[in-house]
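Undergrad: Protein chains in written order, with my numbering: chain D, 2 to 431; chain E, 2 to 431.
Beta carbons are placed, not taken as given, at the ideal position from N, Cα and C, and that holds for glycine.
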């Protein structure tokens, strides 16, 4: 048993990449994002560091960083390994919860700190997070989950049964991941800001790189969307999965009409057709566009809304986000809910470092929760990875299983210095 | 036509009242609140000021204030009367919306600024806000609403019909309000931190003061709740409306069990039985506890969740909050939704200055939207009003119609100085 360590400090940084200058990341609702991280570094008295962040798209990253700092008193002086208790304490702070509860800026702050705690713990154990989690017992995993508001859909006993059922094959699945990785799909071809030639070229590159699914942003103009879908379908060929993503652009009725107007191009799923808060709207859209499926999750605020999306049949693919809900702990709850309802999890990634994080969650799901890769892919965007200490490695359209200890959240010190807002060189020159 | 004015400055203040020292405001989820306001003052170039705030319960009020400051560039230099356009611009800021969208800290910040803009406009027009809104045309009112994500439940055309239907009786209802005010109920007797003698005494005072409904906090301990309900029922007599409020304490199953165990004391409604995000849970509880009704709203994040609560039959009383959703504009949408579904609005109040604000919204609802007071009461808590420039006036259990121009949000300068955190005298001495 290793020696206990205690958190001794929290540092935060407002890091912003000026991505809006290139129109990378442009979609129907987010035309000009500056991909950003509200970044947190926790230091323990054994010298270990844990890194985490909330992903934002520019303005407000300072507000997000202030929210992370508001959590400092909850972690400083505490046992660095006791992530379950610290997650609960932050989530149920009797005054801070008024600012949510469990949603928006304050909840994303909890996500950043919880993920930093997991990064730290994984480094102390010398394992990549997916493997650390994949080797915890079912009892230890259930202990990490906050079941409040879930018991009408998932009890601790049911969660334990799910985890015990998946236990026998864990070692083989770990070996499979080490040998083959986990399948990815790419959003790189599909940003709205790209012209047709660039779309065509990037679709072909996606095929050449071995990806088995791509995704296109839609929702700004129907004629454009039809033309772009036709191009993508021509390049990729019939039957190849081409997902579309509306980024919350539509009301319920217009979502159904728009997707039907694209149906001849055989979209694989439609992502975020409407408000992420609209459970009943998602269910109505799912009924209205069948057999096209609904996917959502990157803006779903917490496990309570995911629970309802599953109960109502509002999604067929669950796209968890690593840094919006309350970090690893709440994502374990969400993976368990998805397993209970038999819905595949295809994590949201892109942004800053989300690929680096979600690969661990998807691989843990495969090892210890769903036990399956069927119908599952992790989003991949080829963007900003060079700023990370342990960037994702994609090989033949697959995420390679991480081997470095930790959660992969650490941004390189040179990049932190360069892109700190507003005083870093990248911003001073602007 | 009066001269245009432009916003020239935004000041913010972190104001906190040390209410946790007295256990005023204690409930099953919020045992130790320090009632607080993230306060904003907008100044126009004609010398007018608009005041607004987000209500919080202590820690995190600094984060909330930072969020308000993040909106400064959206209002400074703009036409002070153009509240509809400014509300839309803030809500749809292409980068800030990532921090919600339309929920939590960032949305409460929008609420504070939108409400300050309305305060300013009402002062410029020399009218209390309820009267200003009650004299706008149906077309002007519809123009203030953002119908995005609502069209499956309420279209602009339907909203116009609702408003036009209520138009004929407006003048008589304005006169009625001026003569008689609007009925209130009181939560003052029911805080969990009070002993039985204080509960009994405050129930009797509520009756003596002419209130026609009271409310008790419940959810911490069932035996205590049964004893306290019995005392309240003894004092108030059979048939008198006694609402109960669980402040999100329960899961779906435990909510149904707990309320059934209190049914013999004939609760009028049960408020916030579970997570404010759980639309389907509220609907299941409503079915499980009938004929007891469900009320909720103070933590409902936006119009999209209210829409679903109405669609699913998850509430029978809609408790809008003045400072959580996107301010007056989104509350007009919520009043219209409630009218469409025939559900009475009984606003949430208490906290800091929420009574001062919501009276305007309920009176506007009576004048121009629902046209009715039937089944409707405004919450009242006798607390912290002395800090306001234009405090509410309660007479024989009724809110007296405000006459001072504005929205009633202004805190007295002496109180601002005394309770500014952490440097005001009230906090330096602590």
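Can you tell me which of E:220, E:241, E:228 and E:229 puts its alpha carbon nearest to the alpha carbon of residue 251 of chain E?
TA: Residue numbering aside, residue 251 of chain E sits at position 250 when the second chain is read from its first letter. Minimum Cα distance to residue 251 of chain E is reached at E:220.
Undergrad: Which bits of chain E does residue 300 of chain D rub up against, with CB to CB less than 9 Å?
TA: Working through the first chain from its first residue, we reach residue 300 of chain D at position 299. Within chain E, the residues near residue 300 of chain D are 99, 101 and 102.
Undergrad: To which residues of the same chain is residue 305 of chain E closer than 7 Å at the C-beta, ignoring the five residues directly before and after it?
TA: The residue you call residue 305 of chain E lines up with position 304 of the second chain. Once the five neighbours on either side are set aside, the close Cβ partners of residue 305 of chain E are 150.
Undergrad: How do the segment 375-394 of chain D and the segment 169-177 of chain D stand: do at least 3 beta-carbon pairs fall below 8 Å, yes or no?
TA: Because the criterion of three Cβ pairs below 8 Å is not met, the segment 375-394 of chain D and the segment 169-177 of chain D do not touch.
Undergrad: Taking its Cβ as the centre, do 16 or more other Cβ atoms sit within 10 Å of residue 21 of chain D, making it buried, or is it exposed?
TA: In the first chain, the residue the question calls residue 21 of chain D occupies position 20. When all chains shown are included, residue 21 of chain D counts as buried.
Undergrad: Along chain E, which residues have their Cβ under 9 Å away from the Cβ of residue 96 of chain D?
TA: Residue mapping note: residue 96 of chain D aligns to position 95 of the first chain, counting from 1. Those within 9 Å of residue 96 of chain D in chain E are 21, 31, 33, 34, 35, 37, 57, 58, 59, 60, 61 and 62.
Undergrad: Can you look up residue 273 of chain D in the DSSP assignment and give me helix, strand or coil?
TA: One-based indexing of the first chain puts residue 273 of chain D at position 272. In this structure, residue 273 of chain D counts as coil in the three-state DSSP scheme.
Undergrad: Check whether the Cβ atoms of residue 326 of chain D and residue 333 of chain D sit closer than 8 Å, and answer yes or no.
TA: Here residue 326 of chain D refers to the residue found at position 325 when the first chain is read from its first residue. Here residue 333 of chain D refers to the residue found at position 332 when the first chain is read from its first residue. In this structure, residue 333 of chain D does not lie closer than 8 Å to residue 326 of chain D by Cβ.
Undergrad: Which parts of the segment 179-227 of chain E are runs of the alpha helix (DSSP H), unbroken and 4 residues or longer, counting only runs that do not cross its ends?
TA: Whole alpha helix (DSSP H) segments, 4+ residues: 197-209.
Undergrad: Buried or exposed: residue 49 of chain D, going by 16 or more other Cβ atoms within 10 Å of its Cβ?
TA: One-based indexing of the first chain puts residue 49 of chain D at position 48. With 16 or more other Cβ atoms within 10 Å, it is buried.
Undergrad: Taking residue 198 of chain D as the query, report the chain E residues whose CB atoms sit under 7 Å from its CB, ordered along the chain.
TA: In the first chain, residue 198 of chain D corresponds to position 197, counting from 1. The premise fails here: residue 198 of chain D is roughly 26 Å from chain E at the closest Cβ pair, so nothing lies under 7 Å.
Undergrad: Between residue 107 of chain E and chain D, is any beta-carbon pair separated by less than 8 Å?
TA: Here residue 107 of chain E is taken as the residue at index 106 of the second chain, counted from 1. Yes, because at least one Cβ of chain D sits closer than 8 Å to the Cβ of residue 107 of chain E.
Undergrad: Please name the residue in E:187, E:260 and E:144 whose C-alpha comes closest to that of residue 242 of chain E.
TA: The residue given as residue 242 of chain E occupies position 241 in the second chain. The shortest C-alpha separation from residue 242 of chain E is found at E:187.
Undergrad: Could you tell me the alpha carbon to alpha carbon distance between residue 166 of chain D and residue 367 of chain D, rounded to whole angstroms?
TA: Counting from 1 along the first chain, the entry for residue 166 of chain D is found at position 165. Counting from 1 along the first chain, the entry for residue 367 of chain D is found at position 366. Those two C-alpha atoms are separated by around 13 Å.
Undergrad: Suppose you measure from the CA of residue 215 of chain D to the CA of residue 387 of chain D; what does that come to, to the nearest Å?
TA: Locating residue 215 of chain D in the first chain gives position 214, counting from the first residue. Locating residue 387 of chain D in the first chain gives position 386, counting from the first residue. Taking the straight line from one Cα to the other gives about 22 Å.
Undergrad: Is there a Cβ from chain E that is less than 8 Å from the Cβ of residue 309 of chain D?
TA: Here residue 309 of chain D is taken as the residue at index 308 of the first chain, counted from 1. Taking Cβ atoms only, chain E reaches closer than 8 Å to residue 309 of chain D, which makes this a yes.
Undergrad: Note down, in chain order, all residues in the segment 185-215 of chain E with a beta-carbon under 9 Å from any beta-carbon belonging to chain D.
TA: Per Cβ criterion, the list is empty.
Undergrad: For residue 366 of chain E, which three-state DSSP category applies?
TA: As a position in the second chain, residue 366 of chain E is number 365, starting the count at 1. Looking at residue 366 of chain E - three-state DSSP - the assignment turns out to be helix.
Undergrad: Against chain E, does residue 303 of chain D count as a neighbour if the rule is that its beta carbon must be under 8 Å from one of theirs?
TA: Residue 303 of chain D sits at position 302 when you count from the first residue of the first chain. It does; some Cβ of chain E falls within 8 Å.
Undergrad: Quick one: what's residue 80 of chain D bridged to in DSSP?
TA: If you number the first chain from 1, residue 80 of chain D lands on position 79. Residue 80 of chain D is bridged to D:7.
Undergrad: Which whole runs of the alpha helix (DSSP H) in the segment 234-279 of chain E are 4 residues long or more, in chain order?
TA: The segment 234-279 of chain E contains these whole alpha helix (DSSP H) runs: 253-263.
Undergrad: Note down, in chain order, every chain C residue with its Cβ under 7 Å from the Cβ of residue 89 of chain E.
TA: Here the protein chains are D and E, and chain C is not one of them.
Undergrad: To the nearest angstrom, report how far apart residue 371 of chain D and residue 101 of chain E are at their CA atoms.
TA: The residue you call residue 371 of chain D lines up with position 370 of the first chain. The residue you call residue 101 of chain E lines up with position 100 of the second chain. If you take the alpha carbons of residue 371 of chain D and residue 101 of chain E, they lie about 30 Å apart.
Undergrad: Are at least three pairs of beta-carbons, each pair with one atom in the segment 278-287 of chain E and one in the segment 246-266 of chain E, less than 8 Å apart?
TA: Output reads yes: the segment 246-266 of chain E touches the segment 278-287 of chain E.
Undergrad: Per the DSSP calculation, residue 17 of chain D is bridged to which residue(s)?
TA: Along the first chain, read from residue 1 onward, the residue named residue 17 of chain D stands at position 16. Beta-bridge pairing links residue 17 of chain D to D:37.
Undergrad: Span of the alpha helix (DSSP H) holding residue 108 of chain D?
TA: Your numbering for residue 108 of chain D matches position 107 in the first chain. Its alpha helix (DSSP H) spans residues 105-126.
Undergrad: Just mark residue 222 of chain E as buried or exposed, buried being the case when its beta carbon has 16 or more other beta carbons within 10 Å.
TA: Reading the second chain from its first residue, position 221 is the one you call residue 222 of chain E. Residue 222 of chain E is exposed by the Cβ-count criterion.
Undergrad: Kindly indicate if chain D contains any beta-carbon less than 8 Å away from that of residue 317 of chain E.
TA: For this step, residue 317 of chain E is matched to residue 316 along the second chain. No, residue 317 of chain E lies away from the interface with chain D (no Cβ there is under 8 Å from its Cβ).
Undergrad: For the pair the segment 411-430 of chain E and the segment 138-147 of chain E, tell me if three or more CB-CB distances fall below 8 Å.
TA: These segments do not touch.
Undergrad: If we call anything under 8 Å between Cβ atoms a contact, is residue 328 of chain D one with residue 115 of chain D?
TA: As a position in the first chain, residue 328 of chain D is number 327, starting the count at 1. As a position in the first chain, residue 115 of chain D is number 114, starting the count at 1. A contact, by the Cβ cut-off of 8 Å.
Undergrad: Starting from residue 13 of chain D, find everything on chain E with Cβ-Cβ shorter than 7 Å and list it in chain order.
TA: Here residue 13 of chain D refers to the residue found at position 12 when the first chain is read from its first residue. Those do not exist, as residue 13 of chain D stays about 12 Å from chain E at its closest Cβ, beyond 7 Å.
Undergrad: Would you mind sorting residue 376 of chain E into buried or exposed? The rule is 16 or more other CB atoms within 10 Å of its CB.
TA: Here residue 376 of chain E corresponds to residue number 375 of the second chain, with the count starting at 1. Classification for residue 376 of chain E: exposed.
Undergrad: For a quick check, are the C-beta atoms of residue 122 of chain E and residue 3 of chain E less than 8 Å apart?
TA: On the second chain, position 121 is the one that residue 122 of chain E refers to. On the second chain, position 2 is the one that residue 3 of chain E refers to. No, these two residues do not count as a Cβ contact at 8 Å.
Undergrad: Can you tell me whether residue 199 of chain E is buried or exposed? The criterion is at least 16 other CB atoms within 10 Å of its CB, across all chains shown.
TA: Taking the first residue of the second chain as 1, we reach residue 199 of chain E at position 198. Exposed, by the Cβ-count rule.
Undergrad: When the Cα atoms are used, what is the spatial distance from residue 1 of chain E to residue 55 of chain E?
TA: With chain E running from 2 to 431 in the structure shown, residue 1 of chain E is simply not present.
Undergrad: What does DSSP give as the partner residue(s) for residue 54 of chain D in the beta ladder?
TA: Looking up residue 54 of chain D in the first chain gives position 53. In the DSSP output, where bridge partners are listed per residue, residue 54 of chain D has D:40.
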